[in-house]
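Reviewing the structure listed below.
Number of protein chains: 4
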Amino acid sequence: MRTGRPRDPLVTQRALAATWDLLSTKGYSALRIDDIATSCGIAKTTLYRRWPSLAHIVVDAVVSRIGDRTFTPTDDPVADLRAVSSMLVQSVNAGKDSWVSIALSLHEQSDSELRLRYRERIIDPVRELLAEVLERTALAGCLATTIPTDQLADMLIGGTVYRLVFLHSPLTEDEVTTIIGGLLTAR
Amino acid sequence: MRTGRPRDPLVTQRALAATWDLLSTKGYSALRIDDIATSCGIAKTTLYRRWPSLAHIVVDAVVSRIGDRTFTPTDDPVADLRAVSSMLVQSVNAGKDSWVSIALSLHEQSDSELRLRYRERIIDPVRELLAEVLERTALAGCLATTIPTDQLADMLIGGTVYRLVFLHSPLTEDEVTTIIGGLLTAR
Amino acid sequence: MRTGRPRDPLVTQRALAATWDLLSTKGYSALRIDDIATSCGIAKTTLYRRWPSLAHIVVDAVVSRIGDRTFTPTDDPVADLRAVSSMLVQSVNAGKDSWVSIALSLHEQSDSELRLRYRERIIDPVRELLAEVLERTALAGCLATTIPTDQLADMLIGGTVYRLVFLHSPLTEDEVTTIIGGLLTAR
Amino acid sequence: MRTGRPRDPLVTQRALAATWDLLSTKGYSALRIDDIATSCGIAKTTLYRRWPSLAHIVVDAVVSRIGDRTFTPTDDPVADLRAVSSMLVQSVNAGKDSWVSIALSLHEQSDSELRLRYRERIIDPVRELLAEVLERTALAGCLATTIPTDQLADMLIGGTVYRLVFLHSPLTEDEVTTIIGGLLTAR
DNA sequence: TCGTAAACGAGACGGTACGTCTAGTCTTTGG
DNA sequence: CCAAAGACTAGACGTACCGTCTCGTTTACGA
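Chains as they are written, first to last, in the working numbering: chain Z, 1305 to 1491; chain F, 1305 to 1491; chain P, 1305 to 1491; chain L, 1305 to 1491.
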């Protein structure tokens, strides 16, 4: 038997919208739970009833925002690979509202369930998409290396992130083209 | 004219030792400036006289600890590549006292000088070492790809970090062997 | 025409019983509306439908519990005075479930109707009883002072309360005997 | 050895002044620790370093404000009694900044040391003053009752407080005159 | 040898955000 | 319309931590 006042679905919606808004405006490190509450007119207690911490809200906000990316492959695996790689670089380098900075902040988070959720909804889809495209490229005989495609995907994503986060010089589209070129068999 | 009481050189030493100790025990996110001060018996004021912020202390602590890695190359570039790759994986996966988590936390840091210092002392050496070894491997004609060696280095390091930080399943030695194998020309 | 579900008379009863129970167990300052609701299995909404605030519930609980004290006077006014005084001291010093602490908390209450109700049901009866007995004592010529009897009653009750609340050393039975003795004419 | 930065005496001063100000403006029940902090420009943390709770600040504020009342007796004990009684009534009925409401709020306070401090500095002086004057009146043979003077003092103060807090009809100067008159021997 | 200027230890201070608590209101389902 | 359950608003609370400040004390150097 369901009883009691049901949770207002608008609350979740408004909270996540406000969170996303603040996130892309000020960035994760400047995100304050009170600001979220104020900006969407929801009491802090209500936020804490639904999410155990700020990090949980953020994960949900990102998930609800960019969780449903789709890519419809063509029958040219090489073209697909170039397209997906380009998308990858753009999304990583997107700035304050990149999924990367949230992933970084989750690394030290003790709540493994939260990390898992973010990984399954945000990180894995990108990885799987890239790995698939690489796999199809390999099956088409266009890949010049025998490195397993999923590890190749890790290296491509990792490389992009590394350039941004560690070296602070984001990977450019040209460089991606070079790298992809180096991965393909000469024709 | 230098006058006044000279700075006690032991202070820096003790502070960095204590910082490193706490860092490897509790991890960066649980590091508190007061804890450092207490654990080494140095006043917080003294710490702030020498370092402008907690992050600076941490950077120095890491630098003084693992800043002097050396690798003496042999005349077998392939063997060197395998050795360096193995070292890389170990250092990334080292745990709480890995240089990786500090690098992550510096990403959002506004002080670019600090980031630069960490990069020059900690991040770049690893990268350059790997790039060099890759370059020598390429010159020896053993590399199966035309991707520029420095970008290959980024991908290798980035991939390792990505596995740890994003996927929370550290790269294993076996997997490195596979990857390196895929990079080399068949004999 | 009265329609709909009739109010369950047991609800009021259970609520007041639970309130009184918590009141005498934990005291007024530790009384929580949610605790009352939980402990008697009544929804908070239901409580608020019947009483406008926590204070109102408490007042009703006390009224229903100790609102019906009776004292049947004898034809010996001095003996009556001694008996009533003794009762007074006992009720004031009763502990956590004394009517005194509720009276104190009502002092700052804005709802004057509520205060009035408590006064009429709890405070005034005691006062009037004492004043009456004093009056009869005076008429019998046994009172050694010309202070009006109602003000004398105020002083007796006030003195007892003052000892408890302000000095935290409750008036003893012996002291009451002394005071009453001092009020009476020597024989 | 005294070490560390000494506490700024102005902090205490400013905090207590602000507390007293808010207390007499809005009353105890509307007193907020944040308001005190804001209104005197002192960080909340600093307040909590010096006083463990709001109640402690308030006690200190009242003590520092009205802790040093003096009364210089004349050689007419009856006149003194009338004067002191009048002062008593005025101070009890003073309104929001009366010492009475703070005393009431301390009743439920668990910290007995705090209660003791308030009693010793605020409550007892009034009581002792009144008891002394009564005693001198008795020695002069002007007292019409054999009730011990300290208990008489309790009754007078208690009666005044009772009228204010329980009956919400403060004792008037005229009534005090009547009561005092009733206590004195006819001439 | 003695003054002086900086280093140092200790801890107060301002400020910001956090997560918790509680009173009282609102909104459902079910009787 | 009542009752139960629980979501919701609003606002104060006390804590944690950072980086700064202000003392008294200590120590090397130069006058």
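Heads up, the beta-carbon is just placed ideally off N, CA and C, and yes, glycines get one too.
It should be emphasised that the depicted structure is a prediction, and the values quoted were computed from it without experimental measurement.
N-terminal and C-terminal residue of the alpha helix (DSSP H) that residue i is part of
| i | result |
| --- | --- |
| Y1352(F) | K1348 to R1354 |
| P1381(L) | P1381 to V1396 |
| G1485(P) | E1477 to L1487 |
| H1360(L) | L1358 to I1370 |
| K1330(L) | P1313 to K1330 |
| A1490(Z) | Per DSSP, A1490(Z) belongs to no alpha helix (DSSP H) and is neither H nor E. |
| R1467(Z) | T1453 to V1469 |
| R1431(F) | D1428 to L1443 |
| D1339(Z) | I1337 to C1344 |
| A1407(Z) | W1403 to H1411 |
| E1417(Z) | S1416 to Y1422 |
7 Å Cβ shell around residue i - same chain, five flanking residues per side excluded
| i | result |
| --- | --- |
| P1441(Z) | It should be pointed out that residue 1441(Z) corresponds to Thr in this sequence rather than to Pro. Here the set comprises P1381, V1382, L1385 and L1447. |
| I1484(Z) | L1385, R1386 and S1389 |
| F1375(F) | V1388 and L1433 |
| V1396(Z) | S1402, V1404, T1464, V1465 and L1468 |
Nearest neighbour of residue i, chosen from the options [CA to CA]
| i | options | result |
| --- | --- | --- |
| L1320(F) | L1335(F), R1306(F) and R1309(F) | L1335(F) |
| L1468(P) | A1407(L), T1323(L), L1487(L) and L1433(L) | A1407(L) |
| S1343(L) | Q1317(L), S1333(L) and I1451(L) | Q1317(L) |
| I1427(L) | T1453(L), S1402(L), T1481(L) and T1449(L) | S1402(L) |
| L1456(L) | T1464(L), S1473(L) and L1438(L) | L1438(L) |
| I1451(P) | L1488(P), L1351(P) and A1365(P) | L1488(P) |
| S1368(P) | R1421(P), G1331(P), T1350(P) and L1471(P) | R1421(P) |
| L1492(L) | Y1332(L), T1350(L) and L1314(L) | A query on residue 1492(L) cannot be resolved here, the shown segment of chain L reaching from 1305 to 1491 and no further. |
| L1443(Z) | Y1352(Z), D1379(Z) and L1314(Z) | D1379(Z) |
| T1449(Z) | D1458(F), I1370(F) and A1490(F) | A1490(F) |
| S1473(Z) | L1314(F), Y1352(F) and D1458(F) | D1458(F) |
| I1370(Z) | L1351(Z), A1398(Z) and V1315(Z) | A1398(Z) |
Short CB-CB distance (under 8 Å) between residue i and chain L
| i | result |
| --- | --- |
| T1482(P) | yes |
| H1360(P) | no |
| E1412(P) | yes |
| M1305(P) | Only weak support exists for where M1305(P) lies, its pLDDT of 48 falling under 50; the coordinates are left without a value. |
| R1423(P) | yes |
| G1486(P) | yes |
| I1451(P) | yes |
| L1327(P) | no |
Cα-Cα separation between residue i and residue j, rounded to whole angstroms
| i | j | result |
| --- | --- | --- |
| M1305(P) | R1423(P) | Unreliable positioning characterises M1305(P) in this predicted model, as indicated by a pLDDT of 48, which lies under 50. The coordinate reading is nonetheless provided below. Going from the Cα of M1305(P) to the Cα of R1423(P) covers about 35 Å. |
| T1425(Z) | D1415(P) | Per the sequence shown, the amino acid found at residue 1425(Z) is Arg instead of Thr. For R1425(Z) and D1415(P), the distance between alpha carbons rounds to 55 Å. |
| T1482(F) | D1325(F) | 35 Å |
| E1436(L) | S1357(P) | 45 Å |
| E1479(P) | P1429(L) | 22 Å |
| D1312(P) | E1412(Z) | 55 Å |
| L1308(F) | P1310(L) | Note on identity: in this sequence residue 1308(F) is Gly, with Leu being the wrong assignment. So the two alpha carbons sit approximately 25 Å from each other. |
| I1461(P) | I1346(L) | 43 Å |
| T1329(P) | T1453(P) | 36 Å |
| V1362(Z) | L1327(Z) | 8 Å |
| K1400(P) | W1355(F) | 57 Å |
| P1377(F) | D1364(F) | 27 Å |
| H1360(F) | R1419(F) | 9 Å |
| V1366(P) | G1486(P) | 33 Å |
| R1373(F) | R1431(F) | 12 Å |
| E1417(P) | L1471(L) | 13 Å |
Chain Z within 8 Å of residue i, Cβ atoms only
| i | result |
| --- | --- |
| M1459(F) | yes |
| A1448(F) | yes |
| R1336(F) | no |
| T1323(F) | no |
| A1365(F) | no |
| R1373(F) | no |
Contacts around residue i, its chain only, beta-carbon distance under 8 Å, and the 5 residues preceding and following it disregarded
| i | result |
| --- | --- |
| E1477(P) | S1390 and V1393 |
| D1338(L) | K1348 |
| G1463(P) | L1475 and I1483 |
Same chain only: Cβ atoms within 6 Å of residue i, ignoring 5 sequence neighbours per side
| i | result |
| --- | --- |
| A1322(P) | I1340, S1343 and C1344 |
8 Å Cβ cutoff, residue i in contact with chain P
| i | result |
| --- | --- |
| I1427(L) | yes |
| L1471(L) | yes |
is_contact[residue i, chain F] using C-beta, thresh 8 Å
| i | result |
| --- | --- |
| E1479(Z) | yes |
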